[in-house]
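To convert, count from 1 in the sequence shown and add 1; that's our numbering. Idealized CB from N, CA, C, for every residue including glycine. Scroll down for the structure; my scribbles are underneath it.
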Amino acid sequence: MLGMKKRTPAGHAAVGIILTAALLFAGGCGTNTQNQTAGSTVSEQTSELTSEQASEQGSGKIAKYVPTKADEVQNPVLYLDGDPVSQEEYAMLAQQYKNQIMMKYSTDQVNQPDFWTTEIDGETPADALAAIVQDKLQEYYAIKHLAVVEQVTDDYTYADLTDKMEQENTSRGDDSNNDTTYGLNNFDMSTYYSYWYSNLQTQLTNALTADSVKASDADCKKYYSEHLTDFTYTDDVQILYAEITQQNTDQVVEAEAKGKELAEAMQKATNEDDLQNITYADVQALELNSLDTQEGMSGVYRNRWEIAKGLSAGEVYGPYEDSGKICVMKCIEKEADGQIAYENVKDQIVRYLQVQQVDQMIQDEKDGMQVTAGTISVQDAIVQAFN
Numbered sequence: 002m003l004g005m006k007k008r009t010p011a012g013h014a015a016v017g018i019i020l021t022a023a024l025l026f027a028g029g030c031g032t033n034t035q036n037q038t039a040g041s042t043v044s045e046q047t048s049e050l051t052s053e054q055a056s057e058q059g060s061g062k063i064a065k066y067v068p069t070k071a072d073e074v075q076n077p078v079l080y081l082d083g084d085p086v087s088q089e090e091y092a093m094l095a096q097q098y099k100n101q102i103m104m105k106y107s108t109d110q111v112n113q114p115d116f117w118t119t120e121i122d123g124e125t126p127a128d129a130l131a132a133i134v135q136d137k138l139q140e141y142y143a144i145k146h147l148a149v150v151e152q153v154t155d156d157y158t159y160a161d162l163t164d165k166m167e168q169e170n171t172s173r174g175d176d177s178n179n180d181t182t183y184g185l186n187n188f189d190m191s192t193y194y195s196y197w198y199s200n201l202q203t204q205l206t207n208a209l210t211a212d213s214v215k216a217s218d219a220d221c222k223k224y225y226s227e228h229l230t231d232f233t234y235t236d237d238v239q240i241l242y243a244e245i246t247q248q249n250t251d252q253v254v255e256a257e258a259k260g261k262e263l264a265e266a267m268q269k270a271t272n273e274d275d276l277q278n279i280t281y282a283d284v285q286a287l288e289l290n291s292l293d294t295q296e297g298m299s300g301v302y303r304n305r306w307e308i309a310k311g312l313s314a315g316e317v318y319g320p321y322e323d324s325g326k327i328c329v330m331k332c333i334e335k336e337a338d339g340q341i342a343y344e345n346v347k348d349q350i351v352r353y354l355q356v357q358q359v360d361q362m363i364q365d366e367k368d369g370m371q372v373t374a375g376t377i378s379v380q381d382a383i384v385q386a387f388n
């Protein structure tokens with residue numbers, strides 16, 4: 002039965018604001034890869050894996066993927082390390098990326114009946130599209146093959162994914178299902194395909210970082226020292242922050258009065274303990290800096306940082322209303338031009354370096370992939386996809 006296998010997730014801290022952008026642009030499905038023309042990479046014979054490819058015992062490398070469902074795919078367009086790509090899968094991706102090719106040509110050229118097979122500037126549009134589709138297939142199949150070897154998922158075909166999508170759509174549309182459904186209520190195949198491989202890459206990354214892909218303390222310290230500017234802030238503010246939630250309209254006047262009382266108490270306070278008798282407000286001692294403002298969680302936090310960075314030590318701001326709450330803050334201490342300590346970002350760096358290693362494994366799997374021709378040419382598959 003097709004399905005991603007459940008594994009104990011890798012234990013790691015949530016990736017913080019500093020490295021989030023870098024992680025989002027890390028490899029896997031998002032790597033920058035070189036496109037190759039179909040003619041330069043596709044051999045004119047069906048591939049078979051050698052015994053050396055099928056087993057890497059004793060080498061310390063991940064074992065090579067061996068297809069187990071190849072006989073279920075009839076008339077494939079390509080073989081990727083012996084794994085057949087069906088005409089339906091190829092056509093789906095061709096439809097998805099055709100606009101990248103069509104936009105390069107005039108309307109008159111695109112409207113010609115033989116547009117895809119007509120050579121223009123030394124290349125047919127079909128060959129240009131085939132290069133893009135093959136590149137994407139190699140990315141996806143690199144993730145798939147590593148995931149199968151790592152037992153994150155069973156081996157599967159495109160037809161299996163189609164069945165899986167239909168099951169998912171049925172489940173999401175079932176009114177008797179009491180589970181909360183997030184996102185789309187109904188997938189088309191192109192969307193589900195991307196959804197599947199995005200989730201599969203995440204599960205593969207978690208599996209590898211839990212079992213074998215590690216980042217040493219020395220590597221993390223090296224990264225920290227080489228990217229010290231990434232951990233340097235321009236403002237650091239320690240504040241006392243309190244907010245009163247207004248449950249309904251009748252409490253607005255009372256909350257405003259309590260806010261003034263809270264501001265007076267803040268004038269004398271230097272820490273949370275000084276406000277322990279304030280039971281009607283949520284009081285927190287916070288340290289914010291220009292690298293970690295908690296911004297993005299909600300509008301409240303963004304506004305809080307904008308106010309906090311403008312305060313001087315000892316200054317009280319408020320009461321003020323923000324998103325239905327009465328808020329008061331006091332700047333306890335302020336520092337300019339500092340660095341976040343290594344120990345405070347070590348977990349983030351570990352995760353980042355692990356993800357980088359997994360992305361490189363996926364890239365290596367893709368680069369070393371043997372691509373051979375199937376029984377239907379890529380040009381025919383593209384032409385038939387658009388007829």
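Residue i vs residue j beta-carbon contact at 8 Å
i	j	result
Val379	Thr118	no
Asn100	Gln88	no
Lys137	Leu81	no
Gly315	Met330	no
Ala243	Ala282	yes
Asp291	Thr235	The question names Asp, but residue 291 is Ser in the sequence shown. Against a cut-off of 8 Å, the Cβ pair of Thr235 and Ser291 comes out as a contact.
Val78	Ala342	no
Gln135	Val372	yes
Lys70	Asp156	yes
Glu273	Ala258	no
Val214	Gln349	no
Met267	Leu241	yes
Asp218	Tyr142	no
Ile333	Thr233	no
Where residue i sits in the DSSP three-state scheme
i	result
Ile144	helix
Thr154	strand
Asp283	strand
Pro114	coil
Ser56	At Ser56, the pLDDT of 40 sits below 50, so the modelled position is not reliable; the number obtained from the coordinates is stated separately. In the structure shown, Ser56 sits in coil (DSSP, three-state: anything other than H, G, I, E or B).
Lys326	strand
Gln355	helix
Glu344	helix
Arg305	helix
Leu292	coil
Gln46	Residue placement at Gln46 cannot be trusted, given a pLDDT of 36 that sits under 50; what the coordinates show is reported in the next sentence. Coil, per DSSP.
Ile350	helix
Pro126	helix
Ala64	coil
Ala131	helix
Rounded C-alpha distance that separates residue i from residue j
i	j	result
Ala374	Glu366	19 Å
Ile102	Phe387	13 Å
Ile327	Gln355	43 Å
Gln239	Gln364	44 Å
Ile63	Tyr353	21 Å
Asn304	Gln168	44 Å
Gly369	Gln139	10 Å
Val153	Ser195	17 Å
Tyr198	Lys105	29 Å
Asp189	Asn200	16 Å
Distance cut-off 7 Å: residue i Cβ against heavy atoms of the ligand FAD
i	result
Leu94	Annotation note on the ligand FAD: not contained in the displayed structure, which lists no ligands.
is_contact[residue i, chain B] using C-beta, thresh 8 Å
i	result
Asp156	Included in the structure is just one protein chain, with no chain B present.
Identified DSSP bridge partners for residue i
i	result
Glu90	DSSP, once it has assigned bridges, lists no residue as partnering Glu90.
Tyr159	Answer is none; Tyr159 lacks a bridge partner.
My parser needs the beta strand (DSSP E) runs of 3 or more residues fully inside the segment 194-272; what are they?
Runs of the beta strand (DSSP E) inside the segment 194-272: 233-246.
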